[in-house]
Each structure stands twice: as structure tokens, then as C-alpha cells.
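2 protein chains.
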Amino acid sequence: MSIIQGINSLRSVRNFKRDLVPEEVIRAILKAATRAASGSNSQPWEFVVVRDPTMKARLTEPMLRTWLDRLGGGRRMSGPLKEVYDDATEMLRNTKDVPVIIYCCFDSNRVSKSEEVRYASIFPAVQNLMLAAHAMGLGTCLTVHGSTSTRGEPEVKKILSIPDNIKIACLVYLGYPGVKLGPPRRKPVEELIHYDRW
Amino acid sequence: MSIIQGINSLRSVRNFKRDLVPEEVIRAILKAATRAASGSNSQPWEFVVVRDPTMKARLTEPMLRTWLDRLGGGRRMSGPLKEVYDDATEMLRNTKDVPVIIYCCFDSNRVSKSEEVRYASIFPAVQNLMLAAHAMGLGTCLTVHGSTSTRGEPEVKKILSIPDNIKIACLVYLGYPGVKLGPPRRKPVEELIHYDRW
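Residue numbers (this note's numbering), protein chains in the order written: chain A, 3 to 200; chain B, 3 to 200.
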């Protein structure tokens, strides 16, 4: 699969087969992640790879509870956004059946204090992770459940024994895809480019 | 170039040929960027593509000044970090000769207020941008000069007439590479993986 084909066909997969993902495949994907650039080559990334069903069940609770709390906040939705949210809820409920959950973290002590630099030093690696997984026939979904203060991060860190100086940037759900999705729908790029000034 | 080859060989290029980059190539690269996922498919990205030499000269001033101020802060460096910083300074000084500078932004009004979601909705697109450019024989370098409050963002936004609700997440320098670099040096991935708990 070429880079451009991979980029054009990568979609968020929220429906996975139960097949396990071999450890050497997980390692290869994470190796690809860590080829990314990072601020001053700080490489602040750390990955917690969860496959244990009991652990997944424990992690589901704070992630699902905080998500349902948010949804219960009275926001009325319809159309495409409702679909996205319903899919997200369904995936969260089925967390224990997702073969692998990767908590993508950075060590606050190993990277600049600027939020721009911090996230610039983890999300390019996460995109590498998802593209490499895609190249190997795996599906992924990036989510922030369990990675923000209002989405259960404190509870998740406690369950995973993650130290205080480690920040969870996001999660990636990983497994062999249970669905085949077409190319993503996106706005025309011409609407988003400004030449030489806004 | 396969995805894995591309990921493994992508390096930060800080030395560019003066050759111009055709507009259709820039558009293709930015189209690849916008195939990325974003929070609730919000697609909050906006790109300011600077090619005008006068504009590049004006932008250099606040970016270089704030960078030299930081370096002058008394930090003594040696070894690999000093090399990274010297290269960064050199690239900044030569900004006007870099064919294209892409200010990668997001619209705060079109995305969640969580910093995790915001940056998760721009940096995967930026990584796509750099990988697609690499596939097309171009070199890139992600920097945060001009994209944080202490690195000249307010002045840069003023020069580019960027509205208040638009946040610059990072810059990508783009052009045909003046150097050929080997694969990146990274820590062994085994040191960064934790199975089932920290």
C-alpha cells in the first residue's frame, strides 16, 4: 500500500473482529509510531498496551460513565453528529471485546511545557501508528475517552498505575476490522487554504 | 513508496533547494492532510500557505527574535541537543529562502474546548501532510516557531491577518530537500511499551 493510498483509505474503525493481534505486530506498529519527529527529538512517548479482559472491563467503567454524563448534558443531536456519537457509545460499551487498547502517553518531564510542543510530540506518532496498522490490515480508532480530566483520565491512570508525570494524550482501539469502509468524506481542500495571508 | 518505508525514512529537513513547489502539488499535499480523522469529524483545520518573499521576511522577525530570546535565557547546551538547536536557528535565519511555509491552524469555534481534542484534530493531519510531501519527493520540517504565545504567535497572526478564533498549531517548512538524510535515530521501542499496566 502506497503512502497516498494509505492516507486516503484510513478510516476510523469502531467494529472489530475478536481475533487477537500478535505481539510482534503490536511492536512493529509501535516502532513505526516512534519514527515520528518530536520537539528537540525528545521522544517523550510511552504506550500502555491493554489486552487483558479484566483490565479492559475495569477501564470501561470510568470512560463510559463520563461519556454518558456528557451526553446526558441535554445536548440534542441529529444527523451525522448523532451517528458519530452513537457509534462512539457503542464502541465504548464494547471496549472489553476490542482486542487491544493502546493508551498513547507522553512524559511531561521529558518534553517542553508548551501544550503545542507536547501534543506536536505525540500525535504525529499516533498517526504513524494508525497508518502502519492500516498497512498491516488492522483497523484503528483514535479516541480521547479516558484521556482528559473530564473523561475519566484520573481513574484510568489509577487503574493502569500510570505515574503522575505521565499524561494520556489519547487512546487507540486496535484490531482486525469487522467492517470495510469507503474513503472518508471531507470538505473540499480549496475552502481551507489561504495563500500568503488569511 | 510504501507506508512503512515512508514512515521509516521521513526525516526533518532543514535545508531546501530554492526550486518552487507547484501549486497543484501543495494542494495535493494539503488534500492528504485533510483525510485525517478529527474530533467528531469536525475538520477544524485551516492552512495559510506562504510563498511571498516579502511576507516570509516579515514573518521571520518575530519568530527569530523570540527564538534567540529563548536561547539567550542562559541555557548551556552541548551534544546532540545543541546540534538540533543550531540547525533550528540556521533554518529560521534562512526562512525567506524556504520555498513554502504552511501555518497549520485550527478554528477554535469548530472544535471541542479540550486541548487533547483540539490537538488530536490537527497534528494527525500535519503528519499526513509531511508523509504525503515525502512521498512526492519533498522535504518538511515541523516547527512551533510562531505558534505559541512566547514564540511570536500574536505578531505572526497579525502579519498574516489571522482572526482571533484561529489558533496556529504549528508550521511546516516545505521544499525540495537540499540534503539526503538517513533513517531517524530513536530509542528502542521495547523501552516504551507497558503491557496491561505501567
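Don't be surprised by glycine CBs; every beta carbon is placed ideally from N, CA and C.
| Item | Value |
| --- | --- |
| Between B/Val113 and B/Phe18, is the Cβ-Cβ spacing less than 7 Å? | no |
| To the nearest angstrom, how far is the alpha carbon of A/His189 from that of B/Gln45? | Reading the sequence as shown, one finds Lys at residue 189 of chain A and not His. Going by the C-alpha atoms only, they are around 8 Å apart. |
| Would you mind working out which of A/Val86, A/Asn10, A/Phe49, A/Ile9 sits nearest A/Lys159, comparing C-alpha positions? | A/Phe49 |
| Buried or exposed for A/Val181, going by 16 or more other Cβ atoms inside 10 Å? | exposed |
| Which residues in chain A have a C-beta closer than 7 Å to the C-beta of B/Thr150? List them in chain order. | Ser116, Glu118 |
| Would B/Asp109 pass as an interface residue toward chain A - the criterion being a Cβ-Cβ separation below 7 Å? | no |
| I want to verify the contact list: residues of chain A whose CB lies under 9 Å from the CB of B/Ser80, in sequence order. | Within 9 Å Cβ-Cβ: nothing; B/Ser80 doesn't reach chain A, min ~14 Å. |
| Counting beta carbon pairs with one atom in the segment 132-146 of chain A and one in the segment 163-176 of chain A, are three or more of them shorter than 8 Å? | yes |
| Between B/Tyr105 and B/Leu162, how many whole angstroms is the CB-CB distance? I'm expecting something under 8 Å. | 7 Å |
| Beta carbons nearer than 9 Å to chain A: which residues of the segment 30-47 of chain B have them? | Ala30, Leu32, Lys33, Ala34, Ala35, Thr36, Arg37, Ala38, Ala39, Gly41, Ser42, Asn43, Gln45, Trp47 |
| Sorted by chain position, which residues of the same chain lie with C-beta nearer than 7 Å to A/Ala38's C-beta, five sequence neighbours on each side aside? | Pro126, Ala127, Asn130 |
| Could you tell me if A/Lys169 is buried or exposed, where buried requires 16 or more neighbouring beta carbons within 10 angstroms of its beta carbon? | buried |
| For B/Tyr197, report the span of its alpha helix (DSSP H) as first-last. | Where B/Tyr197 is concerned, there is no enclosing alpha helix (DSSP H), although the beta strand (DSSP E) it sits in stretches over 195-197. |
| Which runs of the alpha helix (DSSP H), 4 residues or longer, sit entirely within the segment 77-134 of chain B? | 81-95, 117-122 |
| Got a sec, what are the start and stop residues for the alpha helix (DSSP H) B/Trp69 sits in? | 55-73 |
| Against chain A, does B/His196 count as a neighbour if the rule is that its beta carbon must be under 7 Å from one of theirs? | yes |
| Using only the alpha-carbon positions, how far apart do A/Ala90 and B/Gly148 sit? | 35 Å |
| Tell me the DSSP secondary structure of B/Ile31 in three-state form. | helix |
| How close, in whole Å, do the beta carbons of B/Val52 and A/Asp198 come, if the pair is a contact with beta carbons under 8 Å? | 6 Å |
| If you run the structure through DSSP and keep just helix, strand and coil, what is B/Val52? | strand |
| Can you confirm whether B/Leu94, when its beta carbon is compared against all beta carbons of chain A, has any partner nearer than 7 Å? | no |
| Below 7 Å between beta carbons is the criterion; list the residues of the segment 156-169 of chain A that meet it against any residue of chain B, in chain order. | Leu162, Ser163, Ile164, Pro165 |
| Using alpha carbons as the reference points, say which of B/Ala34, B/Pro179, B/Pro82, B/Arg95 lies closest to B/Gly139. | B/Pro179 |
| My guess is that B/Leu133 and B/Leu12 are in contact by the Cβ rule of under 8 Å, so how many angstroms apart are they, rounded? | 6 Å |
| Report yes if the C-beta distance between B/Trp47 and A/Leu194 is below 7 Å; otherwise report no. | yes |
| I'd like to know whether the C-beta atoms of B/Gly41 and B/Ser110 end up nearer to each other than 7 Å. | no |
| Name the DSSP bridge partner or partners of A/Gly271? | Not covered by the structure: residue 271 of chain A. The range shown for chain A is 3 to 200. |
| May I ask which residues mark the beginning and end of the alpha helix (DSSP H) holding A/Ser151? | A/Ser151 -> no alpha helix (DSSP H), and no H or E assigned at all. |
| Determine whether the beta carbon atoms of B/Gly177 and A/Ile5 lie at a separation below 7 Å. | no |
| Taking the continuous alpha helix (DSSP H) assigned at A/Ser14, which residues delimit it? | Run containing A/Ser14: none; DSSP gives neither H nor E here. |
| In its own chain, which residues sit with a C-beta less than 8 Å from the C-beta of B/Lys98, not counting the 5 before and 5 after it? | Pro55, Lys58, Ala59, Thr62 |
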